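**Student:** Residue numbers (full-length UniProt numbering): 1 to 111. Idealized CB from N, CA, C, for every residue including glycine. In this text, all values refer to a predicted model and were calculated from it rather than measured experimentally. My questions will all concern the structure given below.
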């Protein structure tokens, strides 16, 4: 039997599991604010990420319903990635984080 308070718990750990890690937020930020991108464009936008890690992070984000992958039947194959409606729903959180950072920078002279 489930405890009644479990449904009232903060979902933060679940959300962090979906968007946490070194690269997921960077990938989501690009797809949410810059729109649909091909794999190579994402690699160029995040030069520090390896091909293997980008593939893994995109698959995880797709599995969690935050990124959509579209494969076109062309030669050579064309694959595009975009933020889903759920992914775009994170836009206010990104904007709030930006606002928080700007306020913090002004008040504490943070880098």
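From residue 43 to residue 59, what distance separates their C-alpha atoms?
**Tutor:** Between residue 43 and residue 59, the C-alpha separation is close to 15 Å.
**Student:** If you measure between the beta carbons of residue 79 and residue 38, is that distance less than 8 Å?
**Tutor:** In contact: residue 79 and residue 38 (Cβ atoms closer than 8 Å).
**Student:** If we ignore side chains and look at the alpha-carbon of each, how far apart do residue 26 and residue 81 end up?
**Tutor:** Straight-line Cα distance between these residues: approximately 14 Å.
**Student:** Looking at residue 24: is its Cβ nearer than 8 Å to the Cβ of residue 61?
**Tutor:** Yes; because the gap between Cβ atoms is below 8 Å, this pair is in contact.
**Student:** Helix, strand or coil for residue 37 per DSSP?
**Tutor:** Looking at residue 37 - three-state DSSP - the assignment turns out to be strand.
**Student:** Which residues does DSSP pair with residue 67 in a beta bridge?
**Tutor:** DSSP lists 83 as partners of residue 67.
**Student:** What residue range does the alpha helix (DSSP H) around residue 105 cover?
**Tutor:** Looking at the DSSP string, the run of the alpha helix (DSSP H) that includes residue 105 is 91-108.
**Student:** For the alpha helix (DSSP H) containing residue 13, name the first residue and the last one.
**Tutor:** From DSSP, the alpha helix (DSSP H) with residue 13 extends over 12-19.
**Student:** Quick check: the Cα distance between residue 84 and residue 108, rounded to an integer number of angstroms?
**Tutor:** One C-alpha to the other measures close to 36 Å.
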